[in-house]
Amino acid sequence: MGVRPAATKLNISPAAARRPSSFLPIATVALLCSASYFLGAWQHGGFSSPSASPSSVSVATAVACTTTTTATTRSATRPRKRTPAGQGQALDFSAHHAAAADGAVLSSSGDSAATRRYQACPARYSEYTPCEDVKRSLRYPRERLVYRERHCPTGRERLRCLVPAPSGYRNPFPWPASRDVAWFANVPHKELTVEKAVQNWIRVDGDKFRFPGGGTMFPHGADAYIDDIGKLIPLHDGSVRTALDTGCGVASWGAYLLSRDILAMSFAPRDSHEAQVQFALERGVPAMIGVLASNRLTYPARAFDMAHCSRCLIPWHLYDGLYLIEVDRVLRPGGYWILSGPPINWKKYWKGWERTKEDLNAEQQAIEAVARSLCWKKIKEAGDIAVWQKPANHASCKASRKSPPFCSHKNPDAAWYDKMEACVTPLPEVSDASEVAGGALKKWPQRLTAVPPRISRGSIKGVTSKAFVQDTELWRKRIQHYKGVINQFEQKGRYRNVLDMNAGLGGFAAALASDPLWVMNMVPTVGNSSTLGVVYERGLIGSYQDWCEGMSTYPRTYDLIHADSVFTLYKNRCEMDIILLEMDRILRPEGTVIIRDDVDMLVKVKSAADGMRWDSQIVDHEDGPLVREKILLVVKTYWTAKEQDQ
């Protein structure tokens with residue numbers, strides 16, 4: 001068993017709820033609370049939930065019905081005195097070193113019989129990825145790697161149990177140390193240390209993995225490789241902020257871009273390179289499971305300032321250039337595509353690549369031809385690196401090319417199980433040849449808070465420039481409130497990998513931009529999914545997601561999950577526990593969840609969450625106890641699979 005860190009407490013400030021009040025306000029609020037309670041009891045529908053029980057009653061009483069006039073001084077290190085429900089009590093979490101035996105019903109003294117207790121999955125599911133399950137994938141065609149795309153379980157195939165952490169799991173190292181080291185017990189795979197030994201990707205050092213920063217095409221390290229790229233394109237003036245790394249390995253390229261204020265979305269399939277994306281996430285680097293096969297990448301058009309392939313083994317020249325056409329769709333006007341590895345510099349490496357000169361030359365010529373058909377300009381080929389640039393608009397391109405054709409009716413941002421097509425996504429129209437299609441962006445960091453062009457040009461239905469500014473200010477206020485009631489925000493390195501399940505315009509992530517963390521902004525496909533383009537124009541990253549399905553990531557990805565109105569959004573779409581179990585799967589032991597929703601919905605959510613080894617408490621809205629929207633704060637308790645079950 002690995003050595004466990006000290007038990008974690010989610011300290012909730014007493015100022016969040018404990019306030020003096022006079023008799024008249026108390027009587028008034030009590031009357032309103034009673035009316036709200038009886039109205040809620042009368043109404044039915046929405047997510048199914050356990051019947052009323054003592055635990056659900058305690059949740060209702062935990063919602064403070066007092067007025068606020070004072071605040072108290074907080075301490076991140078001093079243990080809090082426990083206080084009555086609804087008055088800022090500390091959530092105390094004990095560390096447990098092993099899960100209950102597989103198949104056992106989890107319960108504890110005082111639990112209501114009506115609360116469902118979720119069982120632990122068998123230990124073999126510790127790295128379970130529901131939509132990229134290796135066994136299920138074998139049912140699908142191998143042509144063009146379709147079997148490695150998302151194929152999610154339905155009905156009885158769904159796991160209705162808690163995915164365990166491997167025995168000996170430990171909290172990851174804090175950033176920036178995590179960039180270079182991870183615990184072996186957290187990702188117990190040595191395959192890459194053998195397969196990539198000479199390429200300096202990763203090595204085992206006792207109970208740890210070390211990441212020297214090397215790569216297949218950057219033997220001198222990612223820093224030196226990025227410096228070489230920086231000699232060809234501007235990487236230091238804020239004009240390049242978002243990047244896409246296709247076939248990312250352990251994401252060293254993305255890891256070393258972070259010191260340059262460039263945020264990379266790295267992806268790779270779950271394939272023979274066992275756990276490569278999982279290693280990236282353990283390092284505290286943004287990454288997802290993904291593959292270029294038949295579906296569009298799950299990002300909007302014009303998202304990335306730069307895309308990169310370093311010996312990613314993607315056949316760019318095949319299928320009428322389909323994969324390069326998809327990169328063109330997600331590249332911003334004026335964006336860069338960087339290629340290193342075969343066939344670049346084939347005259348030097350052809351023997352080592354065990355391919356003929358003729359074959360490699362033909363591949364490069366085919367790639368060059370596809371790039372020209374997209375109206376890309378080749379900036380330079382220097383040594384092992386070649387760089388192309390997408391045009392700022394299609395004004396001259398439409399007149400100078402014929403094949404592949406421009407897409408006529410397809411939504412350029414549609415990318416949730418939408419098939420790739422051999423047609424070029426047209427850029428927005430411009431008034432003259434010097435204009436940037438869709439609007440020019442401010443440089444980073446100004447673009448974070450500047451009104452994005454998609455909003456200023458009226459492309460996002462119902463969102464004005466004024467509404468955007470108000471949303472930005474609202475989330476600043478909300479983050480300030482979160483930091484006031486959750487003392488863990490004060491602990492440096494406590495949160496690194498953060499997920500926003502319903503990102504909207506990206507205000508939550510923008511308000512945290514100065515903290516040493518990154519946010520994966522997910523935009524649900526059932527809402528206004530057009531806002532994901534705004535997220536990218538702000539210099540943030542994210543993806544589309546349907547929360548009735550699993551996310552394309554490994555278990556224990558995130559330290560903090562934020563869910564704003566997610567359960568109301570998915571009301572009557574799928575069962576509540578489908579979403580909660582997925583949240584539990586991707587949340588690290590002792591990780592935090594913040595759920596905002598209507599109080600009646602939160603009571604149902606808490607009732608279900610009480611059976612998932614979560615400790616939780618409902619606290620007031622930042623505007624006080626009279627607001628129906630409340631906040632459910634959760635910490636996932638520490639537990640792992642037993643060693644003998646592995």
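Just so we're aligned, residue 1 is where the sequence shown starts under full-length UniProt numbering, counting upward by one. Positions of the beta carbon are idealized from the N, C-alpha and C atoms, including for glycine.
Assumed close pair residue i, residue j - CB separation to whole angstroms, cut-off 8 Å
| i | j | result |
| --- | --- | --- |
| residue 264 | residue 277 | About 13 Å; that fails the 8 Å criterion. |
| residue 283 | residue 178 | 5 Å |
| residue 616 | residue 609 | 6 Å |
| residue 233 | residue 336 | 5 Å |
| residue 438 | residue 456 | Contact flag wrong, Cβ pair sits at about 11 Å. |
| residue 294 | residue 419 | 6 Å |
| residue 186 | residue 203 | Incorrect: roughly 16 Å between the Cβ atoms, too far for contact. |
Proximity below 7 Å, CB of residue i to CB of residue j
| i | j | result |
| --- | --- | --- |
| residue 564 | residue 502 | yes |
| residue 476 | residue 533 | no |
| residue 389 | residue 379 | yes |
| residue 222 | residue 252 | yes |
| residue 397 | residue 375 | yes |
| residue 584 | residue 159 | no |
| residue 485 | residue 500 | no |
| residue 430 | residue 333 | no |
| residue 601 | residue 118 | no |
| residue 391 | residue 406 | no |
| residue 413 | residue 217 | no |
| residue 637 | residue 165 | no |
| residue 562 | residue 586 | no |
| residue 304 | residue 339 | no |
| residue 250 | residue 201 | yes |
| residue 242 | residue 554 | no |
| residue 175 | residue 493 | yes |
| residue 550 | residue 130 | yes |
| residue 450 | residue 443 | no |
| residue 341 | residue 373 | no |
| residue 624 | residue 569 | no |
6 Å Cβ shell around residue i - same chain, five flanking residues per side excluded
| i | result |
| --- | --- |
| residue 324 | 316 and 370 |
| residue 631 | 596 and 619 |
| residue 180 | 211 |
| residue 720 | Here the chain comprises residues numbered 1 to 646, so residue 720 is not present and cannot be evaluated. |
| residue 360 | 343, 346 and 350 |
| residue 132 | 270 and 289 |
| residue 588 | 556 and 559 |
| residue 614 | 634 and 636 |
| residue 107 | Model confidence at residue 107 stands at a pLDDT of 30, short of 50, so the residue's coordinates are unreliable; what they give is reported in the following sentence. Hits under 6 Å: 117. |
| residue 329 | 301 and 425 |
| residue 409 | none |
| residue 498 | 517, 519 and 560 |
In DSSP terms, what residue i is bridged to
| i | result |
| --- | --- |
| residue 521 | 500 and 542 |
| residue 242 | 263 |
| residue 278 | None, per the DSSP bridge assignment. |
| residue 210 | 181 and 203 |
| residue 189 | DSSP output for residue 189 lists no bridge partner at all. |
| residue 337 | 307 and 388 |
| residue 564 | 596 |
| residue 171 | Beta-bridge pairing links residue 171 to no other residue. |
| residue 382 | 385 |
| residue 268 | 289 |
| residue 165 | 640 |
| residue 558 | 587 |
8 Å CB neighbourhood of residue i in its chain, flanking five on each side removed
| i | result |
| --- | --- |
| residue 479 | 508, 511 and 512 |
| residue 182 | 172, 173, 208, 209, 211, 279, 282 and 283 |
| residue 525 | 416, 544, 545 and 546 |
| residue 314 | 246, 247, 292 and 323 |
| residue 445 | 238, 261, 513 and 539 |
| residue 627 | 620 and 621 |
Beta-carbon proximity list for residue i, same chain, < 7 Å, skipping 5 on both sides
| i | result |
| --- | --- |
| residue 606 | 59, 616, 618 and 632 |
| residue 622 | 477, 478 and 481 |
| residue 138 | 147 |
| residue 140 | 146, 147 and 151 |
| residue 460 | 454, 530, 531 and 534 |
| residue 506 | 521, 534, 535, 538 and 540 |
| residue 704 | In the structure as shown, the chain starts at 1 and stops at 646, and residue 704 therefore has no counterpart that could be examined. |
| residue 395 | 430 and 433 |
Segments assigned alpha helix (DSSP H), at least 4 residues, entirely inside the stretch 582–645: 599–609
Inside the stretch 441–518 only - beta strand (DSSP E) runs reaching at least 3 residues: 497–500
Unbroken stretches of the beta strand (DSSP E), 3 residues or longer, contained in the stretch 313–359: 331–340
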